[in-house]
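Written out below as structure tokens is the structure these notes cover.
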Amino acid sequence: MDIKPETPWDGTPDISARIIVAISRVSSVLRAGMWEFATAENLNPTQAEILMLLKDRVHGVRLSWLAAQLSVSSASASDSVAALVNKGLIRKARAEDDGRASALWLTDQGKTLVERMTTALGFADDAAAALDLDVQGQLLVGLFKLIAELQKTERFPALRACLSCRYFEANVFPDSPAPHHCALVKAPLPISFLRIDCAEHEPADAVTARRNWEIFA
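Heads up, the sequence shown is in full-length UniProt numbering, so the first residue is 1 and it goes up one at a time.
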């Protein structure tokens with residue numbers, strides 16, 4: 001005799017599993033949009049992603065950093081970078097902090113292309129902007145919390161996020177709408193203004209960064 005489930009929802013995956021599925025689907029839509037743009041510009045998806053990673057990085061980045069962000073080998077990243085250099089979208093020069101090493105920057109042509117790519121992916125920003133402001137805030141905090149947990153696995157690449165920045169001062173104004181403080185602009189920092197990628201980011205020491213992320217973990 002067949003055994004019937006106790007409720008109609010017994011086969012429903014855990015909320016955590018459904019969250020990951022949702023994020024995966026959103027990521028797939030964004031990736032498809034980037035691939036569509038990349039194909040039209042005679043780029044492959046990895047090359048397009050490298051250009052986006054270099055956006056607003058005034059100090060340049062190392063090849064090893066790019067490889068870690070892309071979760072690919074240095075050799076694979078090097079091939080993509082070489083193609084972008086040949087296309088005039090990336091320039092390679094001596095690193096500012098080490099004259100023996102090389103770093104990578106977007107050229108003016110590369111910056112223009114990235115701006116067009118950002119516009120092409122604007123449909124996703126429009127969708128997020130259409131959410132109620134409270135929902136946007138809750139979603140942002142939830143994503144910070146998820147990133148904080150993922151960082152414990154050492155699988156999440158480094159971010160230019162507020163919580164890992166030396167200018168971030170945690171809980172300076174507890175129990176207020178703006179509990180944190182940004183020493184760069186010398187102003188209270190509301191949770192809704194926390195950045196995951198900030199061009200002015202300066203890395204904090206490892207202990208401080210870990211303590212800041214634990215606020216959300």
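For glycine and all other residues, C-beta sits at the position ideal for the given N, C-alpha and C.
Shortest alpha-carbon distance to residue i belongs to which of the options?
i: R102; options: V29, A40, M34 and G60; result: The sequence shown places Ser at residue 102, rather than the Arg named in the question. Comparing Cα-Cα distances from S102 to each of V29, A40, M34 and G60, the minimum goes to G60.
i: P179; options: A199, R210 and I215; result: I215
i: E169; options: A158, V141, L140 and D205; result: D205
i: R62; options: L106, A22, V26 and S24; result: L106
i: A217; options: R210, K145 and H181; result: K145
i: I191; options: D132, Q136 and I19; result: Q136
i: D56; options: L150, A17, E200 and D14; result: E200
i: R155; options: T208, A68, L133 and L143; result: A68
i: R211; options: Q151, A183, S24 and L184; result: Q151
What are the boundary residues of the beta strand (DSSP E) that residue i is part of?
i: I23; result: Premise fails: I23 lies in the alpha helix (DSSP H), I15 to A40, not in any beta strand (DSSP E).
i: K92; result: I90 to A95
i: L189; result: A187 to L189
i: H180; result: H180 to C182
In terms of residues, what are the limits of the alpha helix (DSSP H) holding residue i?
i: K111; result: D108 to A120
i: R210; result: A206 to E214
i: L53; result: P45 to L53
i: G142; result: L133 to Q151
i: V85; result: S74 to N86
Does the distance from the CB of residue i to the CB of residue j come in under 9 Å?
i: F193; j: M117; result: no
i: V29; j: A124; result: yes
i: A48; j: E41; result: yes
i: E115; j: Y167; result: no
i: T46; j: V72; result: yes
i: A128; j: L139; result: yes
i: P188; j: H181; result: yes
i: A158; j: W213; result: no
i: L66; j: L104; result: yes
i: L70; j: S76; result: yes
i: S78; j: N44; result: no
i: P13; j: V21; result: yes
From the DSSP output, read off the bridge partner residues of residue i.
i: C162; result: Answer is none; C162 lacks a bridge partner.
i: L104; result: V61 and K92
i: F168; result: C182
i: P177; result: In DSSP, P177 forms no bridge with anything.
i: P157; result: Partner(s): none; P157 has no beta bridge.
i: P203; result: C165
Taking CB distances under 9 Å as the criterion, tell me whether residue i reaches chain C.
i: G110; result: Among the protein chains of the structure shown there is no chain C, as only one such chain exists.
Quiz item: Is the stretch 80-97 close to the stretch 110-119, with three or more CB pairs under 8 Å?
Solution: Contact holds: three or more Cβ-Cβ distances are below 8 Å.
Quiz prompt | Meets three-Cβ-pair contact criterion under 8 Å: the stretch 193-208 and the stretch 156-168 | solution = The stretch 193-208, when compared against the stretch 156-168, does touch it at the 8 Å Cβ threshold.
Quiz prompt | Inter-stretch contact (C-beta, 8 Å, three-pair minimum) for the stretch 50-57 and the stretch 79-87 | solution = Short answer: they touch.
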